[in-house]
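These protein sequences, in sequence, are chains A and B.
For any residue, its number in my numbering is found by taking its place in the first sequence, counting from 1, and adding 1335.
For any residue, its number in my numbering is found by taking its place in the second sequence, counting from 1, and adding 1335.
No residue lacks a Cβ here, since even glycine has one placed at the ideal position from N, Cα and C.
Small disclaimer: the values here were computed from a predicted structure and weren't measured.
Number of protein chains: 2
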Amino acid sequence: MEARRRDGEVVVGGHARQQFHDARGYGRPLGGNEIALAPVEAAHLLYRGDLDAVDGMDFADFLDAIEDGDADGVGARFLTYADLRSRGFYLAPEREGWIADPREDADLAVYERGEDPRGGAVAYHVRVIGERTAVPAATLGNVTLAVADEEGSVTYFETAREGIEGATTFDPPAVEGVLLSDRVLVPDPPEELHERGFYGQPVGGREEADSLQLSLVEAASLARRGSLSVPGGAATIEDRGRTVEGERFDQRLAVYGALRADGVVPKTGFKFGADFRTYREVTSVEDLDHSEALVWVLPAGHAFEPRELALYVRLAGGVRKRAVFALRDEEGGISWPSVAWVTP
Amino acid sequence: MEARRRDGEVVVGGHARQQFHDARGYGRPLGGNEIALAPVEAAHLLYRGDLDAVDGMDFADFLDAIEDGDADGVGARFLTYADLRSRGFYLAPEREGWIADPREDADLAVYERGEDPRGGAVAYHVRVIGERTAVPAATLGNVTLAVADEEGSVTYFETAREGIEGATTFDPPAVEGVLLSDRVLVPDPPEELHERGFYGQPVGGREEADSLQLSLVEAASLARRGSLSVPGGAATIEDRGRTVEGERFDQRLAVYGALRADGVVPKTGFKFGADFRTYREVTSVEDLDHSEALVWVLPAGHAFEPRELALYVRLAGGVRKRAVFALRDEEGGISWPSVAWVTP
Chain A
1336 MEARRRDGEV
1346 VVGGHARQQF
1356 HDARGYGRPL
1366 GGNEIALAPV
1376 EAAHLLYRGD
1386 LDAVDGMDFA
1396 DFLDAIEDGD
1406 ADGVGARFLT
1416 YADLRSRGFY
1426 LAPEREGWIA
1436 DPREDADLAV
1446 YERGEDPRGG
1456 AVAYHVRVIG
1466 ERTAVPAATL
1476 GNVTLAVADE
1486 EGSVTYFETA
1496 REGIEGATTF
1506 DPPAVEGVLL
1516 SDRVLVPDPP
1526 EELHERGFYG
1536 QPVGGREEAD
1546 SLQLSLVEAA
1556 SLARRGSLSV
1566 PGGAATIEDR
1576 GRTVEGERFD
1586 QRLAVYGALR
1596 ADGVVPKTGF
1606 KFGADFRTYR
1616 EVTSVEDLDH
1626 SEALVWVLPA
1636 GHAFEPRELA
1646 LYVRLAGGVR
1656 KRAVFALRDE
1666 EGGISWPSVA
1676 WVTP
Chain B
1336 MEARRRDGEV
1346 VVGGHARQQF
1356 HDARGYGRPL
1366 GGNEIALAPV
1376 EAAHLLYRGD
1386 LDAVDGMDFA
1396 DFLDAIEDGD
1406 ADGVGARFLT
1416 YADLRSRGFY
1426 LAPEREGWIA
1436 DPREDADLAV
1446 YERGEDPRGG
1456 AVAYHVRVIG
1466 ERTAVPAATL
1476 GNVTLAVADE
1486 EGSVTYFETA
1496 REGIEGATTF
1506 DPPAVEGVLL
1516 SDRVLVPDPP
1526 EELHERGFYG
1536 QPVGGREEAD
1546 SLQLSLVEAA
1556 SLARRGSLSV
1566 PGGAATIEDR
1576 GRTVEGERFD
1586 QRLAVYGALR
1596 ADGVVPKTGF
1606 KFGADFRTYR
1616 EVTSVEDLDH
1626 SEALVWVLPA
1636 GHAFEPRELA
1646 LYVRLAGGVR
1656 KRAVFALRDE
1666 EGGISWPSVA
1676 WVTP
């Protein structure tokens, strides 16, 4: 069966409507027996041998022709389309005339399993990229990201904007500390500071500890609340933070403060390669649940390399924690996109 | 008990030799009852209250005084020293006069459990850094890295230079392909290319596949061996690689080629956030063992942020694979430092 390109679609007549649309969910009906196929659908039909040619082109030539310098576009979209079809899903392009309320930030609508384009509900709005296409963090949330890697396997990431909610209530007592290098030491601290508030870490193992060491973000946050005093005043802690960490210190401090203000307890995520691991509700360190999320602090305008995203999300999944990103915006606000692996 | 600083050490007399050295493994004997303590040992004795002061300074003042602008130095060394002591190890500084053959790239020698500085064997040569100190990849290998994070917990990384050895023998057949965007398509490939050589990936799911897609590194590697021909010749593949990936393409291609030459089969590590996952011996894709290592390709001169290292190593550990780095040098050679978590 032959087909031809028209206005960014591929038009095919003959038995196409019955054979491709009605029976197998490809394309959108035009008049009579004609249907319009999205380029990716036409590529799939060419690949399977159901279409012989489009404007005389075979599969490889057609893919090359519609690529239009969009290095990762059609290749990745074709691979994703083929992958999802092989898993038994019907799909439609996210375009006016194809689905109701198409999404600008998505490429493919994936219908619920068992449902088809004629009135079916959409399960995933999928944005397709290749593994070499950077993804601005600000565009994550309420979309499923499909990443076609260099070998053509497709990985799916569900993105959301749920943030982190906590239920910890703790009013830190007044304490005195001393700034030592890139830490603050609190000699003979009130027990509740660590045991209930989960601030700091006992020095030298718990048994022999009689000092608590606070990280600079913990210390700066306590100092801002007026709970911690150090020689030189609160500003010396933040100055030290900027000296050893640069701009990232203020970014991390803002995220730390926002989490504590929401009743979430952040502790270092170093062992997970993250900025923080977080606890939803701490009543006592003796009786601590596992941390629920790993938080990476991102500067305004951050764009992920897909491989970087895969690393964060795989790691978080492996330790059964959510991967959450604290994305600063230009005005100093924070949004909280989260990303998880999903297998459609 | 009082002590005083002298030539970068802390000298203490009285019952010090018997009490600190003979009974508890601190310091090195001078004449008579005197011993010399390394600064970190003196800090530990001050912290525990076994020493009252050094030149009149208490623990915090002493730590501050010996810090000498070395932001992560003494704080991290003290925390590591205290951590290892609390785990029951004896330690000595890696210095002439303290241990035989001190290592320049290490800070602390850790004796085998149950052995002490008087003739004991060294279990770990530990280099101590803070989590904000970048580590040149070229310095990894045959040293244990101790990273004190911002909350004072210490993470240990064992580093080696074992490389990756393989036993795969496969001589790829001559095939023809076509360059499509950032992939190469091989229509109707000989079955052995994928099934025995583990080159490429069937397009569109295995059942319906009649084409193999090769990644650009696979294709370029096959083309260099004279096994793959494409319209335009082998150079067009490498050109495309450089267009879509820049310098990293040549780096990754060199690493891919070196692994294949050693009988190791590299496949994409995208799902693990790595460049490659590797198989030691592939005889058939039907009968594939798990991949053994994850490989990250690093440019010459790369220095790790410790948190980045924690991320790679944690991820690899979680999926029971070795974390191996392919480090290019300025002459185009490759060295293979590997890193693993270790709990002393």
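By Cβ distance below 6 angstroms, which residues in the same chain neighbour B/Val1375 in space, the five residues on each side in sequence not counted?
Hits under 6 angstroms: Arg1412, Phe1413, Tyr1416.
According to DSSP, is B/Tyr1491 part of a helix, a strand, or is it coil?
B/Tyr1491: strand per DSSP, three-state reduction.
Less than 7 angstroms separating the beta-carbons of B/Asp1484 and A/Phe1605?
Cβ distance < 7 angstroms, so B/Asp1484 and A/Phe1605 count as in contact.
Consult DSSP for B/Ala1569 and reduce its assignment to one of helix, strand or coil.
B/Ala1569: helix per DSSP, three-state reduction.
Is the CB of B/Leu1381 under 7 angstroms away from at least one CB in chain A?
Chain A, which has no Cβ nearer than 7 angstroms to the Cβ of B/Leu1381, makes this no.
Using CA coordinates, which residue listed in A/Gly1532, A/Asp1545, A/Ser1546 is at the minimum distance from A/Glu1553?
Checking every option, the nearest Cα to that of A/Glu1553 belongs to A/Gly1532.
Based on the DSSP secondary-structure assignment, which residues constitute the bridge partners of B/Trp1631?
The partner list for B/Trp1631 (beta bridge, DSSP) reads B/Phe1660.
Suppose the cutoff is 6 angstroms on Cβ atoms and the five residues either side in sequence are ignored; what does the same chain contact list for B/Ala1481 look like?
Once the five neighbours on either side are set aside, the close Cβ partners of B/Ala1481 are Thr1415, Val1461, Val1463, Val1489, Tyr1491.
State the Cα-Cα distance for the pair A/His1625 and A/Tyr1647, rounded to the nearest angstrom.
Answer to the nearest angstrom: the Cα atoms are 18 angstroms apart.
Any beta carbon from chain A within less than 7 angstroms of B/Phe1607's own beta carbon?
So yes, B/Phe1607 belongs to the interface.
In the structure shown, what three-state DSSP assignment does A/Val1347 receive?
If DSSP states are grouped into helix, strand and coil, A/Val1347 belongs with the strands.
Any beta-carbon of chain A closer than 7 angstroms to the one on B/Thr1474?
Output row for B/Thr1474: interface = no.
Would you call B/Arg1467 buried or exposed, if buried means 16 or more other Cβ atoms sit within 10 Å of its Cβ?
Burial call: buried.
Once you ignore the five residues that flank B/Gly1498 on each side, which residues in its own chain have a CB closer than 7 angstroms to its CB?
The residues are Trp1671.
Excluding the 5 residues preceding and the 5 following A/His1325 in the sequence, name in chain order all residues of the same chain whose CB lies nearer than 8 angstroms to its CB.
Because chain A spans 1336 through 1679 in this model, residue 1325 of chain A falls outside it and cannot be assessed.
Does the beta carbon of A/Ala1406 sit closer than 7 angstroms to a beta carbon anywhere in chain B?
For A/Ala1406, the pLDDT reaches just 47, beneath the cut-off of 50, and the residue's location in the model is therefore unreliable, although a value from the coordinates is still provided. Taking Cβ atoms only, chain B reaches closer than 7 angstroms to A/Ala1406, which makes this a yes.
Once you ignore the five residues that flank B/Ala1675 on each side, which residues in its own chain have a CB closer than 6 angstroms to its CB?
Once the five neighbours on either side are set aside, the close Cβ partners of B/Ala1675 are Glu1493.
Taking a Cβ distance cut-off of 7 angstroms, strictly less, list which residues of the segment 1583-1615 of chain A are near chain B, in chain order.
Of all residues in the segment 1583-1615 of chain A, Lys1602, Thr1603, Phe1605, Lys1606, Phe1607, Gly1608 have a Cβ within less than 7 angstroms of some Cβ in chain B.
B/Asp1407 by DSSP, collapsed to three states: which one?
Its pLDDT being 49, under 50, B/Asp1407 is placed unreliably in this model, and the coordinates cannot settle the point.
How would you write the range of the alpha helix (DSSP H) that A/Pro1374 sits in, first residue to last?
Looking at the DSSP string, the run of the alpha helix (DSSP H) that includes A/Pro1374 is 1374-1383.
Kindly indicate which three-state DSSP category A/Ala1338 falls into: helix, strand or coil?
Three-state result, A/Ala1338: strand.
Tell me, please, whether the CB atom of B/Gly1576 is closer than 7 angstroms to any CB atom in chain A?
False, the Cβ-Cβ gap to chain A never drops below 7 angstroms.
So, does the CB of B/Gln1354 fall closer than 7 angstroms to a CB anywhere in chain A?
Not closer than 7 angstroms to any Cβ of chain A, the Cβ of B/Gln1354 fails to qualify, so no.
Give every residue of the same chain whose Cβ lies closer than 6 angstroms to the Cβ of A/Gly1348, excluding the five residues on either side of it in the sequence, and list them in chain order.
Cβ neighbours of A/Gly1348 beyond the five flanking positions: Asn1368, Glu1369.
Please state if the CB of B/Ala1427 and the CB of B/Ala1444 are separated by a distance shorter than 7 angstroms.
Against a cut-off of 7 angstroms, the Cβ pair of B/Ala1427 and B/Ala1444 comes out as a contact.
I want to see whether chain A comes within less than 7 angstroms of B/Val1579, judged by CB atoms only; does it?
For B/Val1579, the answer is yes, since a Cβ of chain A falls inside 7 angstroms of its Cβ.
Which runs of the beta strand (DSSP E), 3 residues or longer, sit entirely within the segment 1586-1661 of chain B?
Fully enclosed beta strand (DSSP E) runs of 3 or longer: 1600-1603, 1611-1614, 1628-1633.
Please state whether the Cβ-Cβ distance between A/Val1510 and A/Pro1524 is less than 7 angstroms.
Their beta carbons are under 7 angstroms apart, which means A/Val1510 touches A/Pro1524 by this criterion.
Could you tell me whether the Cβ atoms of B/Val1632 and B/Val1659 are closer together than 7 angstroms?
The answer is no: Cβ separation not under 7 angstroms.
Distance, Cα to Cα, B/Thr1578 vs B/Gly1561?
Roughly 22 angstroms separates the two Cα atoms.
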